[in-house]
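One structure below.
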Amino acid sequence: MATPPRSQTETPARERRDVYTTLNYMMAPGREGLKPIDSDLPETERRNAQREGLTDVRDVVIKDIRGKEHEFTLNVQGFQFVKHQIGAITDWKDQHQIKQIVQPATEDLIKRMTGASEVVVYLTRMRFEGNQNGNKMSTPNSPSHGVHSDIMHASCRPVLKDILTEDAMARLMSCRFVVVNVWRPIKPIQRDPLAVCDWRSVDPASDIFPDRRVIAGQVFEFGVPIFNKKHEWYYLSDQQSDEPLIFKQLSSDVASSVTLLHSAFVDPKHVNGPPRESIEMKCFAFFTEQTC
1 MATPPRSQTE TPARERRDVY TTLNYMMAPG REGLKPIDSD LPETERRNAQ
51 REGLTDVRDV VIKDIRGKEH EFTLNVQGFQ FVKHQIGAIT DWKDQHQIKQ
101 IVQPATEDLI KRMTGASEVV VYLTRMRFEG NQNGNKMSTP NSPSHGVHSD
151 IMHASCRPVL KDILTEDAMA RLMSCRFVVV NVWRPIKPIQ RDPLAVCDWR
201 SVDPASDIFP DRRVIAGQVF EFGVPIFNKK HEWYYLSDQQ SDEPLIFKQL
251 SSDVASSVTL LHSAFVDPKH VNGPPRESIE MKCFAFFTEQ TC
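Numbered by the UniProt record's numbering, the letters in the sequence shown go through residues 1 to 292 in order.
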């Protein structure tokens with residue numbers, strides 16, 4: 001994977017501030033693991049409630065990397081903050097502008113950061129509402145306050161099947177790829193910032209287990225973690241719209257096991273502030289110009 005030159009930040013110096021807060025992990029499942037949730041069945045609400053009952057709230061310190069951004073890279077910790085401005089967009093809720101301006105700029109950024117030759121955006125998520133039910137995610141547009149990763153290998157083909165033709169799927173999935181997210185503030189972030197966990201502090205064999213959803217017969221799988229005191233959490237204080245966060249979610253190299261844990265968190269200093277506004281693009285980066 002290509003290593004881009006370090007960007008020179010133009011952000012004025014700010015005081016670094018670590019945050020003492022809590023994160024919502026999940027209790028370790030029994031020997032049989034978690035039963036898949038079939039979204040087409042009436043019992044979905046009951047099973048979702050059972051998931052919520054397994055929440056394990058833990059005290060953590062989330063360290064601020066402001067002023068030390070260059071010490072954290074996609075290839076080492078699994079995440080990286082970069083300087084990247086998107087101009088010409090006048091309305092972040094205008095899906096046409098998102099598709100025509102933000103998506104191509106994001107695809108180009110991923111190519112430059114990873115060395116990939118083709119990028120496919122499989123999901124775009126906007127957050128612009130506050131949570132109405134404690135710290136829980138109450139709507140698709142409010143922050144998710146539960147530690148998780150977004151995708152595991154079982155989900156790759158299901159998430160791409162409505163985006164790619166069968167021929168394109170066969171061609172691209174035979175090549176090496178990584179799945180990365182690009183998370184960007186629309187306005188400077190204060191309330192409900194995003195925390196990411198240094199991948200080197202995670203033991204994937206014991207810390208992460210699969211959680212499955214069945215939708216229209218398709219299985220979607222993501223990772224949920226149990227607490228480990230070794231986990232090291234970070235964020236960027238007062239993150240600006242030109243400071244997107246890029247982080248890994250998956251690699252075609254199964255041995256790498258990289259799937260970065262992340263979560264929104266409550267900053268007590270800004271708990272009553274206006275709702276966070278952010279946009280996230282989840283992408284496959286394919287290395288088609290290399291030997292597949």
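We treat Cβ as the ideally placed atom computed from N, Cα and C, and that holds for glycine.
Inclusion of V82 and C283 in the CB contact set at 8 Å is not warranted, their separation being larger than that value.
Contact check for F222 against S149 passes: the beta carbons are separated by less than 8 Å.
Non-local beta-carbon contacts of I86 in its own chain, meaning distances under 7 Å to residues more than five positions away in sequence, involve I101, V102, A105 in chain order. According to DSSP, residue pairing for R125 in a beta bridge involves E280.
Here DSSP, grouped into helix, strand and coil, assigns E221 to strand. Y25 sits close to D56, with the two beta carbons spaced by under 8 Å. Along the length of the region 61–103, whole beta strand (DSSP E) runs at least 3 residues long occupy 79–81, reported in chain order. Residue environment analysis places K93 among the exposed positions, since fewer than 16 neighbouring C-beta atoms fall within 10 angstroms of its C-beta. In this chain, S263 is not harboured by any alpha helix (DSSP H); it is covered by the beta strand (DSSP E) spanning 262–264. In the same chain as L109, and ignoring 5 residues on each side of it, the C-beta atoms closer than 7 Å to its own belong to H84, V182, in chain order. By the beta-carbon neighbour count (other beta carbons within 10 angstroms, threshold 16), H262 is buried. By a beta-carbon distance limit of 8 Å, V180 contacts Q249. Their separation comes to about 6 Å. For V19, the CB contacts under 6 Å within the same chain, skipping 5 residues up- and downstream, are I62, D267 in chain order. Scanning its chain for C-beta atoms nearer than 6 Å, with the 5 sequence neighbours on each side dropped, one finds around H270 the residues Q190, R191, in chain order. Restricted to the region 198–246, the alpha helix (DSSP H) segments that are unbroken, complete and at least 4 residues in length are 204–207, listed in chain order.
Per the DSSP secondary-structure output, I37 pairs in a beta bridge with R213.
For M26, the enclosing beta strand (DSSP E) starts and ends at 19–26. Taking a 10 Å sphere around the C-beta of D162, we find fewer than 16 other C-beta atoms and assign the residue as exposed. When the five nearest sequence neighbours on each side are left out, the beta carbons in the same chain lying within less than 7 Å of the beta carbon of A116 are those of I110, A285, F286, F287, in order along the chain. Going by DSSP, P158 is part of the alpha helix (DSSP H) stretching over 156–160. Beta-bridge analysis with DSSP links N181 to F247, K282. Straight-line measurement puts the Cα of P204 at about 30 Å from the Cα of R16.
Beyond the five residues adjoining it in sequence on each side, M281 comes within less than 6 Å, by CB distance, of T106, V121, T124, V182 in the same chain, given in chain order. Counting other Cβ atoms within 10 Å of its Cβ, M152 reaches 16 or more and is therefore classed as buried. Its chain contains M26, M27 as the residues whose beta carbon lies nearer than 6 Å to that of L54, once the 5 sequence neighbours on both sides are disregarded; these appear in chain order. Counting only the Cα atoms, S278 lies some 20 Å from L23.
About 16 Å separates the Cβ atoms of P274 and Q240, ruling out a contact at the 8 Å cut-off. Residue pairing of H148 in beta bridges, as defined by DSSP: H262. Shortest Cα-Cα distance from R51 to any of V159, E289, V224 involves V224. Taken through DSSP and simplified to helix, strand or coil, D56 comes out as strand. Following the DSSP letters along the chain, one finds A168 inside the alpha helix (DSSP H) bounded by residues 166–173.
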